[in-house]
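Here the structure comes first, spelled out in structure tokens, and everything after it is commentary.
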Ligand SMILES: *Cc1c(COP(=O)(O)O)cnc(C)c1O
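In the working numbering, the protein residues as written are 1206 to 1440.
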């Protein structure tokens, strides 16, 4: 077994161990939290190794990188997610490749996705990205604007909002990150209880390599992990 393969397996074991411990402490079942492997730091060859090690869902923040890797790994049975800013002119090429877009934060993007979904006649699952840190350099909607965007999204035929996504602010310590994740969960709970119809918003995408335990404690269903899976590997 090559050093890189061994390293990836060790990293994955360690991350899964941390997830299991965090679920245990939170009284949650391990299968309530899905690991999304973020491959933006590595090339397609290394991304393939994390698939072979047992990850079935990968994510990229840049659409072009996603296209490239999805093409090179097209024979594998994996799902791709977009987790970064998606420009409207990249929607057409991206939609057929992905099963979830985490980073929807504007009416114009919703309209572009809905139009494309209608023309290719397939449903698209998305999350609304919320800026929970107040950090203006971050993408995402202010929490107060989410309800209105949710109502707009609900009116689109082939677009399903499955939940919310957020990142803790840069340099936030563990306690503050946990409070920010709690605020996302509370926002989701409020929206789910007030939205008419069947929108229950089951998914909460929150938590990265250094803070996913706090996110799991606050109800994350999807965690997005990059550096902890690929540390020690030069791309
Ligand atoms: C890069 C990235 C991650 C993964 O971050 P790590 O700290 O490397 O685990 C998660 N979410 C988003 C939106 C990212 O851009």
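Built from N, CA and C at the ideal position, the CB exists for glycine as well.
Exercise. Please list, in chain order, all residues of the same chain as residue 1221 whose beta carbon is under 8 Å from its beta carbon, the five residues on each side excluded.
Key: Taking the chain shown and counting its residues from 1, the one referred to as residue 1221 is at position 16. Cβ within range, chain order: 1240.
Quiz item: Under a Cβ-count criterion, where at least 16 other Cβ atoms within 10 Å of its own Cβ denotes burial, should residue 1211 be classed as buried or exposed?
Solution: Here residue 1211 corresponds to residue number 6 of the chain shown, with the count starting at 1. Around the beta-carbon of residue 1211, fewer than 16 other beta-carbon atoms lie within 10 Å, marking it exposed.
Quiz item: Which one or two residues does DSSP pair with residue 1330 in a beta bridge?
Solution: Start at 1 with the first residue of the chain shown, and residue 1330 comes out as number 125. Looking at the DSSP assignment, residue 1330 forms a beta bridge with 1365.
Quiz item: Going by beta carbon distance, what residues of the same chain come within less than 7 Å of residue 1458, once the five residues before and after it are set aside?
Solution: With the chain covering 1206 to 1440 only, the question about residue 1458 has no answer from this structure.
Exercise. State yes or no: is the C-beta of residue 1370 within less than 8 Å of the C-beta of residue 1343?
Key: Taking the first residue of the chain shown as 1, we reach residue 1370 at position 165. Taking the first residue of the chain shown as 1, we reach residue 1343 at position 138. Cβ distance not < 8 Å, so residue 1370 and residue 1343 don't count as in contact.
Quiz item: How far does the beta strand (DSSP E) with residue 1284 in it reach, from first residue to last?
Solution: Within the chain shown, the letter at position 79 stands for residue 1284. For residue 1284, the enclosing beta strand (DSSP E) starts and ends at 1284-1287.
Quiz prompt | Coil, strand or helix - residue 1432 by DSSP | solution = For this step, residue 1432 is matched to residue 227 along the chain shown. Looking at residue 1432 - three-state DSSP - the assignment turns out to be helix.
Practice problem: Could you tell me how far apart the beta carbons of residue 1335 and residue 1309 are, in whole angstroms, since I believe they sit closer than 8 Å? | Solution: Here the question's residue 1335 lines up with position 130 in the chain shown. Here the question's residue 1309 lines up with position 104 in the chain shown. About 11 Å; that fails the 8 Å criterion.
Quiz item: Are the stretch 1297-1307 and the stretch 1276-1289 in contact at 8 Å, needing three or more beta carbon pairs?
Solution: With the cut-off at 8 Å, the stretch 1297-1307 and the stretch 1276-1289 touch.
Self-check item: Proximity test, residue 1363 beta-carbon vs ligand 1 heavy atom, cut-off 7 Å
Solution: Taking the first residue of the chain shown as 1, we reach residue 1363 at position 158. For ligand 1, not one heavy atom lies less than 7 Å from the Cβ of residue 1363.
Self-check item: Cβ separation of residue 1216 and residue 1436, assumed to be a contact under 8 Å, to the nearest whole Å
Solution: Taking the first residue of the chain shown as 1, we reach residue 1216 at position 11. Taking the first residue of the chain shown as 1, we reach residue 1436 at position 231. Taking 8 Å as the upper bound for CB-CB distance, residue 1216 and residue 1436 are in contact here, some 6 Å apart.
Quiz item: Any heavy atom of ligand 1 within a distance shorter than 7 Å of the CB on residue 1253?
Solution: In the chain shown, the residue the question calls residue 1253 occupies position 48. Checking every heavy atom of ligand 1 against the Cβ of residue 1253, none is found closer than 7 Å.
Quiz item: Under 8 Å between the Cβ atoms of residue 1243 and residue 1431?
Solution: Taking the chain shown and counting its residues from 1, one reaches residue 1243 at position 38. Taking the chain shown and counting its residues from 1, one reaches residue 1431 at position 226. For the 8 Å CB-CB criterion, residue 1243 and residue 1431 form a contact.
Quiz item: Under the three-state reduction of DSSP, which class applies to residue 1438: helix, strand or coil?
Solution: The sequence position of residue 1438 within the chain shown is 233, counting from 1. Residue state, collapsed to three classes: coil.
Quiz item: Going straight from the alpha carbon of residue 1328 to that of residue 1314, what length do you get?
Solution: Locating residue 1328 in the chain shown gives position 123, where the first residue counts as 1. Locating residue 1314 in the chain shown gives position 109, where the first residue counts as 1. Each residue's CA atom was taken as its position, placing residue 1328 and residue 1314 some 15 Å apart.
Quiz prompt | Contacting residues, own chain, Cβ-Cβ under 6 Å from residue 1403 (five flanking each side not counted) | solution = Here residue 1403 refers to the residue found at position 198 of the chain shown. Caution is warranted here: a pLDDT of 49 is assigned to residue 1403, below 50, making its placement in the model unreliable, and no coordinate value can be reported.
Self-check item: Sub-8 Å separation of residue 1348 and residue 1406 beta-carbons
Solution: Translated into the one-based positions of the chain shown, residue 1348 becomes position 143. Translated into the one-based positions of the chain shown, residue 1406 becomes position 201. With respect to residue 1406, residue 1348 sits apart: the two C-beta atoms are not nearer than 8 Å.
Quiz item: Where does residue 1338 land, buried or exposed, given buried means 16+ other C-beta within 10 angstroms?
Solution: Looking up residue 1338 in the chain shown gives position 133. Buried is the call here.
Quiz item: Which partner residues does residue 1240 have in the DSSP bridge list?
Solution: Residue mapping note: residue 1240 aligns to position 35 of the chain shown, counting from 1. In the DSSP assignment, residue 1240 forms a beta bridge with 1428.
Practice problem: Just jot down, in chain order, the residues whose CB lies closer than 5 Å to any heavy atom of ligand 1. | Solution: Taking each Cβ in turn, the ones that pass are 1243, 1266, 1288, 1413, 1414, 1429, 1430, 1431 and 1432.
Quiz item: Could you give the residue range of the beta strand (DSSP E) that holds residue 1306?
Solution: For this step, residue 1306 is matched to residue 101 along the chain shown. Run containing residue 1306: 1305-1309, per the beta strand (DSSP E) assignment.
Self-check item: Of the listed residues 1353, 1234 and 1282, nearest to residue 1311 (C-alpha basis)
Solution: For the purposes of this step, residue 1311 is taken as the residue at position 106 of the chain shown. Here the closest residue by C-alpha is 1353.
Practice problem: Given a cut-off of 8 Å, decide if residue 1364 and residue 1390 are closer than it, judged by their beta-carbon atoms. | Solution: For the purposes of this step, residue 1390 is taken as the residue at position 185 of the chain shown. For the purposes of this step, residue 1364 is taken as the residue at position 159 of the chain shown. In this structure, residue 1364 does not lie closer than 8 Å to residue 1390 by Cβ.
Exercise. Along the beta strand (DSSP E) that carries residue 1258, what are the first and last residues, could you check?
Key: Within the chain shown, numbered from 1, the residue matching residue 1258 stands at position 53. No beta strand (DSSP E) contains residue 1258, which DSSP labels as neither H nor E.
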